[in-house]
Structures are given as structure tokens and as C-alpha cells.
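Residue numbers (this note's numbering): 113 to 245.
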Amino acid sequence: HDAIVMFDLGTKWLDCMPVQSRSEEDTLNAYRDFAGSDSSIKDCSVVEELYSDSAPELISAAKKMNWVHETSTPGMPRTNAIAESKVKLVLHGARASLLQAGLPAKYWPFAVRHFCMSRNIEDGTWFPVYDKT
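Here's what the structure looks like:
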């Protein structure tokens, strides 16, 4: 089982989309889901730039989405530190969610989505009009 962890640097929105495989089609569907459109590639222009490792399915799906795509340097973990830290965050958060709920590991696809949404809304940072003062 695979998943694609995505993080928006501007809004701090974190999401994880479980996918059936590491295929271009599944990756493309995950990108569309993250961008908020499943009807047309042209509607997904809200993403200005994508940064990832050099996985072929990530690169080809980004091209189809017309997204600028930068890749990390293989063998230099610090060039992918933000992405790796978000993957670890989702992994640990999903494990904690499963443990707290008393659910077995097979429910991980639900746990990753639950954790990400809970994190996104817990402090209100995704509300543009939210004022903490």
C-alpha cells in the first residue's frame, strides 16, 4: 500500500492520499484531489510549484498538471528535509490515531486522512480570517 503526502508551504495545509499503486494515474488523481479539482487538469492551476523526490510517477503527473516541478538531490537528505519531516509527521500521527482508537493497522488509510484533517483545523491556521489575538 502506498500514499502520497502533500504539504502546502503557503497555507501549511497537510494531506495524505492513499493510493492503490505508484502509477501515474493514481498519482494524478491524488494531485487533483489535493488541488481541489477532479474534473479537469486545467482547473488545478492553484499549485505554483511542486517539490518532491525524483520518482517517475511524481514527475510525469506534475507535467500533466502543468506544475513547475523541482526535485531533491539524490544522496543529499537535507535537500528533501521538509518533505521527509512531513512524511514522518503523518506516519507518527496516523499510528497514534490508530492506537487511540484501538484499531488495527489495516485502517491506516482512514487514520492518515483523519490525522491530517485534525492537524489542519486544530489551531485554525487554515482559516484566512482567523485571528489569534
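By construction, the Cβ of each residue, glycine as well, lies at the ideal position given by its N, Cα and C atoms.
*Select from Leu140, Ser197, Gly205 the residue whose C-alpha is nearest the C-alpha of Asn178.*
Taking the first residue of the sequence shown as position 1, residue 178 is located at position 66. Residue Leu140 is the option with its Cα nearest to Asn178.
*For His204, collect the residues of the same chain with a Cβ closer than 6 Å to its Cβ; drop the 5 residues on either side in sequence, then sort them by chain order.*
Start at 1 with the first residue of the sequence shown, and residue 204 comes out as number 92. For His204, where only same-chain residues beyond five positions count, there are no Cβ hits under 6 Å.
*Does the beta-carbon distance from Val117 to Val202 come in below 7 Å?*
As a first step, residue 117 is located in the sequence shown; it is residue number 5 there, counting from the start. As a first step, residue 202 is located in the sequence shown; it is residue number 90 there, counting from the start. If you check the CB distance, Val117 and Val202 come in under 7 Å.
_Less than 8 Å between C-beta atoms, sequence neighbours within five positions excluded: which residues of the same chain meet that for Leu210?_
Counting from 1 along the sequence shown, the entry for residue 210 is found at position 98. Result list for Leu210: Pro216, Ala217, Tyr219, Trp220, Ala223, in chain order.
*When DSSP labels each residue in this structure, what does Asp114 get in the three-state scheme?*
Locating residue 114 in the sequence shown gives position 2, counting from the first residue. If DSSP states are grouped into helix, strand and coil, Asp114 belongs with the strands.
*Could you give the distance in angstroms between the alpha-carbon of Thr138 and the alpha-carbon of Met129?*
Your numbering for residue 138 matches position 26 in the sequence shown. Your numbering for residue 129 matches position 17 in the sequence shown. For clarity, residue 138 is Asp in the given sequence; the question names Thr instead. When rounded, the distance between both Cα atoms is 10 Å.
*Select from Lys124, Ala147, Ala174, Leu121 the residue whose C-alpha is nearest the C-alpha of Glu135.*
Locating residue 135 in the sequence shown gives position 23, where the first residue counts as 1. Residue 135 is actually Ser in this sequence, not Glu. Closest option to Ser135, Cα to Cα, is Ala174.
_Test item: CB-CB of Trp125 and Asn232 under 7 Å_ = One-based indexing of the sequence shown puts residue 125 at position 13. One-based indexing of the sequence shown puts residue 232 at position 120. Their beta carbons are under 7 Å apart, which means Trp125 touches Asn232 by this criterion.
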